[in-house]
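Here the protein sequences come in this chain order: A and B.
Using the numbering used here, read the first sequence as starting at 6 and increasing by one per residue.
Using the numbering used here, read the second sequence as starting at 6 and increasing by one per residue.
Read the structure below first, then the notes.
There are 2 protein chains.
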Amino acid sequence: MAPLLKDELDIVIPTIRNLDFLEMWRPFFQPYHLIIVQDGDPTRTVMVPEGFDYELYNRNDINRILGPKASCISFKDSACRCFGYMVSKKKYVYTIDDDCFVAKDPTGKDIDALAKHIQNLLCPSTPLFFNTLYDPYQEGADFVRGYPFSLREGVPTAVSHGLWLNIPDYDAPTQLVKPRERNGRYVDAVMTIPKGSLFPMCGMNLAFDRELIGPAMYFGLMGDGQPIGRYDDMWAGWCVKVICDHLGLGVKTGLPYIWHSKASNPFVNLKKEYKGIFWQEDIIPFFQAAKLTKECDTVQKCYISLSQQVKEKLGKIDPYFVKLADAMVTWIEAWDMLNSKDSKEADANGSKPKGK
Amino acid sequence: MAPLLKDELDIVIPTIRNLDFLEMWRPFFQPYHLIIVQDGDPTRTVMVPEGFDYELYNRNDINRILGPKASCISFKDSACRCFGYMVSKKKYVYTIDDDCFVAKDPTGKDIDALAKHIQNLLCPSTPLFFNTLYDPYQEGADFVRGYPFSLREGVPTAVSHGLWLNIPDYDAPTQLVKPRERNGRYVDAVMTIPKGSLFPMCGMNLAFDRELIGPAMYFGLMGDGQPIGRYDDMWAGWCVKVICDHLGLGVKTGLPYIWHSKASNPFVNLKKEYKGIFWQEDIIPFFQAAKLTKECDTVQKCYISLSQQVKEKLGKIDPYFVKLADAMVTWIEAWDMLNSKDSKEADANGSKPKGK
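Here it is, written out as structure tokens:
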């Protein structure tokens, strides 16, 4: 049997090192196409194990392809991965960090994380009413008594957010306080995050439907030259959830797990995060209160509307948010430039990036 | 070590049969006081195994204690259990059905469901923002990166909703379609149901804080003389969740599991449920849209306000809801009658029910 969605899904990996971790993923990833976004020094060579089908973009490629619009893509931060979302021509994207290994389920079997994400994306979500037995579309589960029948068709799933065994995704203060904490709890569940509820989206192990939500998966301005880091995926998650709620799309979280091997340095993280830690106290109420009008009937329109609200409301907190709001607009322009009908035809006629 | 909350929790059991199932629960329940609500024929004798501390109320007792207000307590339906909530003088209540046995965790160990409910009730809930690693207060878990620090104290937990292995809590149509489905998935998680999201609350395995939410735990008018059954706990759940959201209280669901031994007859269930199945299509949008003003600063005031809205909005669907709205008011009157300062003193001076 051919791997599911073999020709409809790209795997996006941001990296600054050789991709030896792919060896472990070979049985699961090799049938798929990889988009590698090389961060940092573009003259450095990133080694990709033999036998993988990939294209690789470094900073020079990003600058060449996007021209002045490349300013919206972060440098020296894994936020650069969203460039990969933009250049993909597939319906689905899975993104994973290069310190994430294959986890084992409680029976000791290797978990094919990608297959589970695909399953999550291909079955509906239920954001309008909570199901106490979790995802009702899973084998052996269903809607419980009292679940309205009119809501049992669910809504299309736009995002599948996977979790992490071993090193949990903690902020710097929690890392500092609990340096030895490891996540060993295998929770055998997938669930829809209810409409109206925001969540902290982690980019380590994340899949989404590009056609449904791609233009909102912008990982913001982080890293080099920016006052903040480690909020790239959070930013995307807040925007994505507000837009999914507005457009009637679903966000799932839970299975699959990956094995997160390496805790990042909490002191370095604290430096990157500390502005975010107090800014988020204003950002989250902002997103909880954000309103999209019925004229916002595409992801792009929703995102532009959000960017205006960011500039107006969050711009008062710090000039950074004015810059970010402008970058959100640039991102949409760049997305549309690469994803218009014309650009797809040009792509079909050549202009291939590095890779094989 | 003394059992947790030994003198602060009552176990409420509605029944029509001998309580042999308590033998299995003896190691866990024996230290606690039981309130048994005998449904159906009051002349029948319900046998309670030796060694349990209990009080037992049959229909004659309910009529004697509540007088004309006894009309709000259902007859020939397990909804009668809410009488037990009303006569309890404890801070916490756990209620369980008599076809629920002790379940085993994946290691084969008996699950002390009550202890887990108590743990759920004694630690806070997090309804304002979703935590992807589930209950952050559990051993080995915490708030993930991006969770606002200002929300990490959580809110008081009012309800702990436990689940069921073996026979899942399905409605009659699902029972009919999937007669052999069993729930074998042990999901090792407790989570807070986000603010603004309703859920189907099942009364089989349920604990709550009477002081925080007791007056909203009314199981409605079901069974004998009513056009509907099997919506008692659902009704309570909708009301409870709207009021918890308004008052800033939390509702948790997930662990602990009990072993649900016996599927009820789907044909009988269909007869009880069929009006509910179409009514709920209107009831749920009603509760999703229900508004409580800031004057509603107690559970009682919230509940009376909801009863007015039920009469006005749902009364149009069927005269049953007018009757139910009136019963909601009677319930609050009866609750306050039994739970006023005076009634507590009278209780301390005697007037004991049957039991030992």
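C-beta atoms are modelled at their ideal positions from N, C-alpha and C, and glycine is treated no differently.
Note that the structure is predicted; figures quoted are calculated from it, not measured.
Distance, residue j Cα to residue i Cα
i              : j              : result
N344 (chain B) : M239 (chain B) : 24 Å
K257 (chain A) : V160 (chain A) : 11 Å
P324 (chain B) : G234 (chain B) : 16 Å
N188 (chain A) : P173 (chain A) : 6 Å
P8 (chain B)   : P36 (chain B)  : 7 Å
C128 (chain B) : V195 (chain A) : 24 Å
V164 (chain B) : K306 (chain A) : 41 Å
C87 (chain A)  : G151 (chain B) : 19 Å
D12 (chain A)  : I67 (chain A)  : 24 Å
I123 (chain A) : L10 (chain A)  : 8 Å
M91 (chain A)  : L126 (chain A) : 19 Å
F135 (chain A) : N65 (chain A)  : 47 Å
D25 (chain A)  : Y59 (chain A)  : 14 Å
N354 (chain A) : I70 (chain A)  : With a pLDDT of only 49 at N354 (chain A), under 50, the local geometry of the prediction cannot be trusted, and no value is derived from it.
R49 (chain A)  : D229 (chain A) : 18 Å
P232 (chain A) : K296 (chain A) : 27 Å
E338 (chain B) : K280 (chain A) : 53 Å
Q314 (chain A) : L27 (chain A)  : 41 Å
K267 (chain A) : M29 (chain A)  : 16 Å
R31 (chain B)  : E158 (chain B) : 36 Å
N23 (chain B)  : V53 (chain B)  : 6 Å
Beta-carbon contacts of residue i that lie in its chain and below 7 Å, excluding the five residues immediately before and after
i              : result
F292 (chain A) : L203, W243 and V247
I322 (chain B) : W284 and D287
P205 (chain B) : M239 and G242
Cβ-Cβ distance between residue i and residue j below 8 Å
i              : j              : result
K96 (chain B)  : E216 (chain B) : yes
L168 (chain A) : A332 (chain A) : no
G145 (chain A) : T197 (chain A) : no
L211 (chain A) : T100 (chain A) : yes
F33 (chain A)  : D117 (chain A) : yes
A241 (chain B) : Y308 (chain B) : no
P199 (chain B) : P111 (chain B) : no
D103 (chain B) : I218 (chain B) : no
P73 (chain B)  : N63 (chain B)  : no
S263 (chain A) : C105 (chain A) : Just to set this straight, residue 263 (chain A) is Ile in the shown sequence, not Ser. Yes, these two residues count as a Cβ contact at 8 Å.
D82 (chain A)  : D237 (chain A) : yes
S310 (chain B) : A330 (chain B) : no
T137 (chain A) : V149 (chain A) : yes
C77 (chain A)  : W336 (chain A) : yes
D140 (chain B) : R190 (chain A) : no
P153 (chain A) : I289 (chain B) : yes
Contacting residues, own chain, Cβ-Cβ under 6 Å from residue i (five flanking each side not counted)
i              : result
V327 (chain B) : K316 and G320
S356 (chain B) : Here S356 (chain B) scores only 46 on pLDDT, less than 50, and its place in the model is too uncertain to base an answer on.
D15 (chain B)  : H38, I40, S93, K95 and V98
N270 (chain B) : none
L170 (chain B) : A108, N188, Y262 and W264
A177 (chain B) : P271, N274, L275 and E278
D250 (chain A) : K200
F143 (chain A) : Checking the displayed sequence, the identity of residue 143 (chain A) turns out to be Gln instead of Phe. Excluding positions up to five away in sequence, the list is empty.
Q180 (chain A) : P271
M342 (chain B) : none
R185 (chain A) : none
W340 (chain B) : M91 and P220
C301 (chain A) : C307 and S310
C207 (chain A) : D174 and D238
Within chain A, partners of residue i - CB distance below 8 Å
i              : result
A194 (chain B) : R190, V192 and A194
L203 (chain B) : F134 and F135
R235 (chain B) : R150
Sequence-distant residues of its chain with Cβ nearer than 8 Å to residue i (five each side left out)
i              : result
T20 (chain B)  : I41, V42, Q43, D44, V51 and D103
Y175 (chain B) : K183 and E186
Contact list for residue i against chain A, beta-carbon separation under 7 Å
i              : result
Y139 (chain B) : V192
Proximal chain B residues relative to residue i, where beta-carbon distance stays under 7 Å
i              : result
K183 (chain A) : D147
D174 (chain A) : V149 and R150
K322 (chain A) : It should be noted that the sequence gives Ile, not Lys, for residue 322 (chain A). Neighbours of I322 (chain A) on chain B: none; closest Cβ ~15 Å, over 7 Å.
Per-residue contacts from residue i into chain A (C-beta, under 9 Å)
i              : result
L168 (chain B) : T137 and L138
M239 (chain B) : R150 and G151
Residues that residue i contacts on chain B, provided the C-beta gap is smaller than 9 Å
i              : result
T258 (chain A) : F135 and T137
F154 (chain A) : D176, P178, I282, F283, Q285 and E286
Could you name each continuous beta strand (DSSP E) segment of 3 residues or more that falls completely within the stretch 102-190 of chain A, going from the start of the chain to the end? 162-171
For the stretch 269-286 of chain B, enumerate the residues whose C-beta is nearer than 7 Å to any C-beta of chain E, in chain order. No chain E appears in this structure, whose protein chains are A and B.
Which residue spans inside the stretch 194-256 of chain B form an unbroken alpha helix (DSSP H) run of at least 4? 215-218 and 237-252
Run through the stretch 270-356 of chain B for me and flag every whole alpha helix (DSSP H) of 4 or more residues, listed as ranges in chain order. 271-294, 304-314, 324-344 and 346-353
Write down every uninterrupted run of the beta strand (DSSP E) in the stretch 12-42 of chain B whose length is 3 residues or greater and which is fully enclosed by it, in chain order. 14-20
Taking the runs of the alpha helix (DSSP H) that are 4 residues or longer, which of them lie wholly in the stretch 54-93 of chain A? 64-71 and 87-92
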